[in-house]
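According to my numbering, numbering within the sequence shown proceeds without interruption in unit steps and concludes at 396.
Backbone N, C-alpha and C fix where the C-beta goes; we use that ideal spot for every residue, glycine too.
Since the structure is predicted, the reported quantities are computational estimates derived from the model, not experimental observations.
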Amino acid sequence: MRPLLSRLACLAGLAGLVLGSATPATAAPVLAGCTMFPPQAIFNQRIDDVMRFPAHARSAEWIAMIGAGRPLHPDWGRETDPNRVGKYYGMPWNLVDGSERSTRWPLVSHAIVDPRDGNGAGAPDQSDCAVIEQGQVSIRACDSVIASRRRFPFPLDSQIRVEGGNCTDPARCGDRHVLVLENRAGGACRLWESYFSYQDSAGRWNAYATAAWDLGSLAMRPDGWTSGDAAGLPILPLLLRAEEVESGVIRHALRVTFRDAVLDRRHVWPARHSAGTTRPEGIPFGALLRLRADFEIPSWWNAQARTIARAMQKHGLYVADIGTDFFVQGDPDERWSPMTMMLLRQLKLNQFEFVDTGAITRHPRFDPDSYAASW
Numbered sequence: 022m023r024p025l026l027s028r029l030a031c032l033a034g035l036a037g038l039v040l041g042s043a044t045p046a047t048a049a050p051v052l053a054g055c056t057m058f059p060p061q062a063i064f065n066q067r068i069d070d071v072m073r074f075p076a077h078a079r080s081a082e083w084i085a086m087i088g089a090g091r092p093l094h095p096d097w098g099r100e101t102d103p104n105r106v107g108k109y110y111g112m113p114w115n116l117v118d119g120s121e122r123s124t125r126w127p128l129v130s131h132a133i134v135d136p137r138d139g140n141g142a143g144a145p146d147q148s149d150c151a152v153i154e155q156g157q158v159s160i161r162a163c164d165s166v167i168a169s170r171r172r173f174p175f176p177l178d179s180q181i182r183v184e185g186g187n188c189t190d191p192a193r194c195g196d197r198h199v200l201v202l203e204n205r206a207g208g209a210c211r212l213w214e215s216y217f218s219y220q221d222s223a224g225r226w227n228a229y230a231t232a233a234w235d236l237g238s239l240a241m242r243p244d245g246w247t248s249g250d251a252a253g254l255p256i257l258p259l260l261l262r263a264e265e266v267e268s269g270v271i272r273h274a275l276r277v278t279f280r281d282a283v284l285d286r287r288h289v290w291p292a293r294h295s296a297g298t299t300r301p302e303g304i305p306f307g308a309l310l311r312l313r314a315d316f317e318i319p320s321w322w323n324a325q326a327r328t329i330a331r332a333m334q335k336h337g338l339y340v341a342d343i344g345t346d347f348f349v350q351g352d353p354d355e356r357w358s359p360m361t362m363m364l365l366r367q368l369k370l371n372q373f374e375f376v377d378t379g380a381i382t383r384h385p386r387f388d389p390d391s392y393a394a395s396w
């Protein structure tokens with residue numbers, strides 16, 4: 022009986038390989054009591070098996086297009102005072118519980134115009150808004166809600182942390198992302214993110230785009246919708262955080278930017294959106310980059326740098342937005358070691374490769390409208 026069972030087990034394993042089934046992540050990352058999407062979500066999958074996830078057929082071409090010797094740039098700093106504009110460097114995030122103690126739920130307007138963007142005012146037709154009815158908050162497509170009911174959970178003015186710190190001039194203060202993790206007592210965890218977020222002289226909030234996700238769900242926002250990112254991806258689940266790095270384990274993918282000139286105006290799963298000009302046969306938004314398996318992480322590197330390098334090998338980095346070439350984003354935190362920054366800058370783009378994720382996207386159970394990458 023045992024040999025028969027063994028043969029059946031082997032056949033089952035081979036069937037899994039033929040179907041290209043992904044290996045489930047052992048655990049999803051957790052932040053402030055909230056799971057950052059279920060374990061099956063693509064961002065939580067390991068992609069370091071080079072047999073199942075080989076280099077993309079155009080990897081060498083894309084690497085050369087950017088510049089093989091381009092060094093990685095850690096896009097975060099150690100300053101935690103948002104009043105020190107120019108030194109407050111990185112993407113901070115906010116934790117709210119939905120109550121008046123931490124959350125305002127003000128109205129938000131999408132009429133703001135990004136002076137760097139020739140597309141005019143914001144994108145309510147690609148945004149999510151909060152709607153409050155009988156004390157309950159729901160997520161709705163903004164263009165399905167009258168402007169006087171569109172809300173967003175901006176933290177209290179005295180507590181909010183915004184990219185760029187307390188710089189309030191839309192003409193010079195940049196993307197001004199606001200990342201909000203809502204962990205409501207007795208309720209589901211939700212993620213809210215806004216792009217180009219500014220208050221006017223009367224204290225009213227304006228944002229070019231707003232996006233929301235139910236962190237307990239694998240459902241994606243509609244294809245073609247932007248978010249805080251040009252790729253339509255969530256930011257916080259792909260962000261390097263000092264607290265997590267200090268734990269020694271990162272269980273999720275990261276995010277990376279490249280300049281418009283090397284990006285194609287198209288996107289591939291799990292991205293939902295693209296932007297910029299069109300580079301024929303350029304890198305699509307949502308493409309996955311990985312530190313190559315043959316890179317041996319030096320044993321003398323400090324713990325922070327080794328942990329980040331391992332994450333780049335195991336989970337990779339998604340092309341998320343237009344920006345400076347090979348910038349990887351993290352949060353501002355005094356726990357970052359200057360040595361970590363120096364060591365990571367030694368990494369060059371030719372030590373990385375773009376990844377073919379066909380083992381997932383060609384699987385018979387693959388759903389292009391779901392973040393699910395294992396079954």
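Does A162 come out as helix, strand or coil in the three-state DSSP assignment?
It is a strand residue.
Report the partner residues of A251 according to the DSSP bridge assignment.
The partner list for A251 (beta bridge, DSSP) is empty, contrary to what the question assumes.
According to DSSP, is W114 helix, strand or coil?
coil
Can you tell me whether I381 is helix, strand or coil according to DSSP?
helix
My guess is that R286 and T278 are in contact by the Cβ rule of under 8 angstroms, so how many angstroms apart are they, rounded?
Going by Cβ atoms, the distance from R286 to T278 rounds to 15 angstroms, so no, they are not a contact pair.
Can K369 and R67 be called in contact, C-beta distance under 7 angstroms?
no
Can you give the Cα-Cα distance for W290 and P191, rounded to whole angstroms?
Those two C-alpha atoms are separated by around 32 angstroms.
Could you pull out every residue in the same chain whose Cβ sits closer than 7 angstroms to the Cβ of K108, ignoring the five residues on either side in sequence?
G98 and E100
Answer yes or no: do F373 and H94 have a C-beta to C-beta separation smaller than 7 angstroms?
Not closer than 7 angstroms, so no.
Note down, one range per segment and in chain order, each beta strand (DSSP E) of at least 3 residues found wholly within the region 254 to 306.
Listed in chain order, the complete beta strand (DSSP E) runs (minimum 3 residues) inside the region 254 to 306 are 275 to 279, 284 to 288 and 304 to 306.
Throw me the rounded Cβ distance for the I256 and L200 pair, which I believe falls under 8 angstroms.
Right, the Cβ-Cβ distance comes to about 6 angstroms (below 8 angstroms), so this counts as a contact.
Using the DSSP secondary-structure output, state which residues sit across from R311 in a beta bridge.
E374
Report the option in F375, S391, Y392 and F387 whose CA atom is closest to the CA atom of F74.
F375
Among the residues of its own chain, which have a CB less than 8 angstroms from the CB of P136, if the five just before and after it don't count?
P191 and A192
Whole angstroms is fine: what's the gap from G411's alpha carbon to T56's?
The question about residue 411 has no answer here: the residues shown for the chain are numbered 22 through 396.
Leaving out the 5 sequence neighbours to the left and right, which residues in its chain are closer than 7 angstroms to G371 when beta-carbon positions are compared?
It should be pointed out that residue 371 corresponds to Asn in this sequence rather than to Gly. Here the set comprises I84, A89 and G90.
Please report the residue range of the beta strand (DSSP E) in which T231 lies.
W226 to D235
Determine the closest residue to F316 out of M333, I304 and Y219, with distance taken between C-alpha atoms.
M333
Within 10 Å of its beta-carbon, does M241 have 16 or more other beta-carbons around it, so buried, or fewer, so exposed?
buried
What distance in whole Å lies between the Cβ atoms of G351 and G111, which are believed to be in contact at a cut-off of 8 angstroms?
5 angstroms
Distance, Cα to Cα, N204 vs G143?
28 angstroms
Is the separation between the beta-carbon of L239 and that of A62 shorter than 7 angstroms?
yes
In the DSSP assignment, what are the bridge partners of H94?
Partner(s): F348.
Please classify I63: does DSSP put it in a helix, a strand, or coil?
Here I63 carries a helix assignment [DSSP, helix/strand/coil].
Using a Cβ-Cβ cut-off of 6 angstroms (strictly less than) and excluding sequence neighbours within five positions of S391, which residues of its own chain qualify?
So the qualifying residues of the chain are L239.
What did DSSP end up calling T391 once you bin it into helix, strand or coil?
In the sequence as presented, Thr is not what sits at residue 391; that position holds Ser. Strand, per DSSP.
Look up D342 in the DSSP assignment and give the residues it is bridged to.
T278
Have a look at R105, Y229 and L365 and flag the residue whose alpha-carbon is nearest the alpha-carbon of W321.
L365
Report all residues from its chain with a CB closer than 6 angstroms to the CB of D346; omit the five preceding and five following residues, and keep chain order.
I87, R91, F279 and R280
Given a threshold of 16 other Cβ atoms within 10 Å of its Cβ, counted over all protein chains shown, does A292 qualify as buried or as exposed?
buried
Anyone know if the C-beta pair for Y219 and N227 falls short of 7 angstroms?
yes
Of the choices P103, F58, V51 and A78, whose alpha-carbon is the least far from that of E355?
Considering only alpha carbons, the answer is P103.
Can you tell me the Cα-Cα spacing of L116 and A53, whole angstroms?
8 angstroms
Going by C-alpha distance, which of P113, V166, S179 and A162 is nearest R125?
S179
In terms of alpha-carbon separation, which member of I167, R161 and S222 lies closest to T189?
S222
For L260 and S169, I'd like the C-alpha separation in whole angstroms.
33 angstroms
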